[in-house]
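Chemist: Before I ask anything, let me first share the structure, which is written out below as structure tokens.
Residue numbers (the UniProt record's numbering): 1 to 351.
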């Protein structure tokens, strides 16, 4: 194994796939950025800008390469022929769509959910990111930036911890390396970390400080509202000089969910545990007598906002999942018609 591939996070999970397929590592690379039909891939011989094979170009978005993917190139190292099975994938329902899943970052070990200690902080948004993170198969860590600009940072920490039982929370001044020991400890434990969060919360500044030099452009925060301006325009994987890899993800205006029913339960395990003690098995936690969830709200053990967001995510997920299932069924039916048409044509040719 080349030193570069090892630094890129190559582990036995991917090596075994190559071995099983009888492929050599000299055609293996990792996607560091994607620009429409082209991708930047780093392989053992260095960085390449490559195109997709015709098969991949015609495939669904979920099957096309995304940042963090391990891919197999053709003999000329100019085209991606195959995407290796992923060990994790952060994805969402594509913006402006209700029937297509968009892959955001693949093969990540830790997901930094970045928000700031100001009016940008919203528990419901964190819960949404946490549900998508649980579905991705990565360890979630909430990172609170701009902690130096508030006097009550502990209040923000407690609010962040309330979004999921046991979720780790780190605080940071993204401009001050001395405040990033907690954040760095997670990078040391992982091969690849993805930074997600709204625009202007300090993801790019955090990335640059961790790297020790400017990897991406940043803007100063606005004095009137302590918010930064969005600067990251595309997803990109960066290798840190000290080891580890970071994926910088632009702020996403739409963060719709699909196919995450179990992951919603992971984030809202407190509500689902209480629901087992409701008087009725099909309790909707609205006005039913003997509802353990409503009783917990009355006793200030659970916030009413949290229950409302739990229901919202379940409704949104159910609708999107049903739409996706319908699209998949239509795709299978179309493929069957095409196959039957080819069979008929072949029979006529023989006659």
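Quick reminder that beta carbons are idealized off the backbone N, C-alpha and C, glycines included.
So, at 6 Å on beta carbons, what are the nonlocal neighbours of residue 206 in its own chain, with the 5 sequence-adjacent residues on each side left out?
Modeler: Around residue 206: 174.
Chemist: By Cβ distance below 7 Å, which residues in the same chain neighbour residue 171 in space, the five residues on each side in sequence not counted?
Modeler: Excluding positions up to five away in sequence, the list reads 144, 147, 153 and 157.
Chemist: For my contact list, residue 90 and residue 61 are in at a C-beta cut-off of 8 Å; report their separation, rounded to the angstrom.
Modeler: Going by Cβ atoms, the distance from residue 90 to residue 61 rounds to 14 Å, so no, they are not a contact pair.
Chemist: Evaluate the contact criterion for the region 265 to 275 versus the region 289 to 301: three or more CB pairs, one atom per stretch, below 8 Å.
Modeler: Touching, per the Cβ criterion.
Chemist: Roughly how many whole angstroms lie between the Cα atoms of residue 241 and residue 289?
Modeler: Going by the C-alpha atoms only, they are around 59 Å apart.
Chemist: Inspect the beta-carbon positions of residue 352 and residue 127 and report whether they are closer than 9 Å.
Modeler: In the structure as shown, the chain begins at 1 and stops at 351. Residue 352 is therefore absent and cannot be evaluated.
Chemist: For residue 306 versus residue 198, is the C-beta distance shorter than 9 Å?
Modeler: Not closer than 9 Å, so no.
Chemist: Compute the Euclidean distance between the alpha carbons of residue 214 and residue 208, then round it to the nearest angstrom.
Modeler: Spanning the two alpha carbons is a distance of roughly 5 Å.
Chemist: Can you tell me whether residue 67 is buried or exposed, with buried defined as 16 or more other CB within 10 angstroms of its CB?
Modeler: By the neighbour-count rule (16 or more Cβ atoms within 10 Å), residue 67 is buried.
Chemist: Go through its chain and collect everything with a Cβ distance to residue 115's Cβ below 6 Å, but skip five positions before and after it.
Modeler: Correct list, in chain order: 121, 197 and 201.
Chemist: Taking the alpha-carbon positions, what's the residue 230 to residue 195 distance?
Modeler: Below a pLDDT of 50, predicted positions are generally treated as unreliable, and residue 230, at 43, falls in that range; the measurement from the model is reported next regardless. Taking the straight line from one Cα to the other gives about 14 Å.
Chemist: Verify whether the separation of the beta carbon atoms of residue 150 and residue 161 is less than 9 Å.
Modeler: No.
Chemist: So, with DSSP's three-state summary, where would you put residue 67?
Modeler: In the structure shown, residue 67 sits in coil (DSSP, three-state: anything other than H, G, I, E or B).
Chemist: Go to residue 113, then tell me how far its alpha helix (DSSP H) extends in each direction, as first and last residue.
Modeler: Per DSSP, residue 113 belongs to no alpha helix (DSSP H); it is in the beta strand (DSSP E), 110 to 116.
Chemist: Using alpha carbons as the reference points, say which of 251, 181, 132 and 38 lies closest to residue 204.
Modeler: Cα-wise, what sits closest to residue 204 is 251.
Chemist: How is residue 146 classed by DSSP in three states: helix, strand or coil?
Modeler: DSSP places residue 146 in coil when its eight states are reduced to three.
Chemist: Quick check: is the beta carbon of residue 303 nearer than 9 Å to any beta carbon in chain B?
Modeler: This model lacks chain B altogether; it includes just one protein chain.
Chemist: What residue range is occupied by the uninterrupted alpha helix (DSSP H) comprising residue 6?
Modeler: That run of the alpha helix (DSSP H) goes 3 to 7.
Chemist: Give a yes or no on whether the C-beta atoms belonging to residue 247 and residue 142 are separated by under 9 Å.
Modeler: The answer is no: Cβ separation not under 9 Å.
Chemist: Quick one: grab the DSSP three-state call for residue 270.
Modeler: It is helical.
Chemist: Taking the alpha-carbon of residue 16 as reference, which of 59, 40, 268 and 86 has the nearest alpha-carbon?
Modeler: Closest by alpha carbon: 86.
Chemist: Is DSSP giving residue 243 helix, strand or coil here?
Modeler: In the structure shown, residue 243 sits in coil (DSSP, three-state: anything other than H, G, I, E or B).
Chemist: Does DSSP put residue 177 in a helix, a strand or coil?
Modeler: Three-state DSSP puts residue 177 in a helix.
Chemist: Going by alpha carbons, who is nearest to residue 92 out of 12, 103 and 189?
Modeler: Considering only alpha carbons, the answer is 103.
Chemist: In the structure shown, what three-state DSSP assignment does residue 81 receive?
Modeler: Here residue 81 sits in strand by DSSP.
Chemist: Would you say residue 321 and residue 134 are within 9 Å of each other, going by their C-beta atoms?
Modeler: Contact flag unset, no.
Chemist: How far does the beta strand (DSSP E) with residue 90 in it extend, from its first residue to its last?
Modeler: First-last of the beta strand (DSSP E) with residue 90: 89 to 93.
Chemist: Quick one: measure Cβ to Cβ for residue 51 and residue 78, integer angstroms, because I've assumed they're closer than 8 Å.
Modeler: The Cβ separation is near 7 Å, so the contact holds.
Chemist: Using a Cβ-Cβ cutoff of less than 8 Å, which residues in the same chain neighbour residue 63 once the five nearest sequence positions on both sides are dropped?
Modeler: Closer than 8 Å at the Cβ level, and outside the excluded window around residue 63, lie 56 and 83.
Chemist: Which two residues bound the contiguous alpha helix (DSSP H) that contains residue 203?
Modeler: Residues 203 to 211.
Chemist: My understanding is that residue 94 touches residue 100, with C-beta atoms under 8 Å, so please give their C-beta distance in whole angstroms.
Modeler: Confirmed, about 4 Å.
Chemist: Could you pull the DSSP bridge partners for residue 43 from this structure?
Modeler: In DSSP, residue 43 forms a bridge with 29 and 46.
Chemist: Which of the three DSSP states, helix, strand or coil, is assigned to residue 38?
Modeler: Three-state result, residue 38: strand.
Chemist: Tell me the rounded alpha-carbon separation between residue 98 and residue 3.
Modeler: Between residue 98 and residue 3, the C-alpha separation is close to 42 Å.
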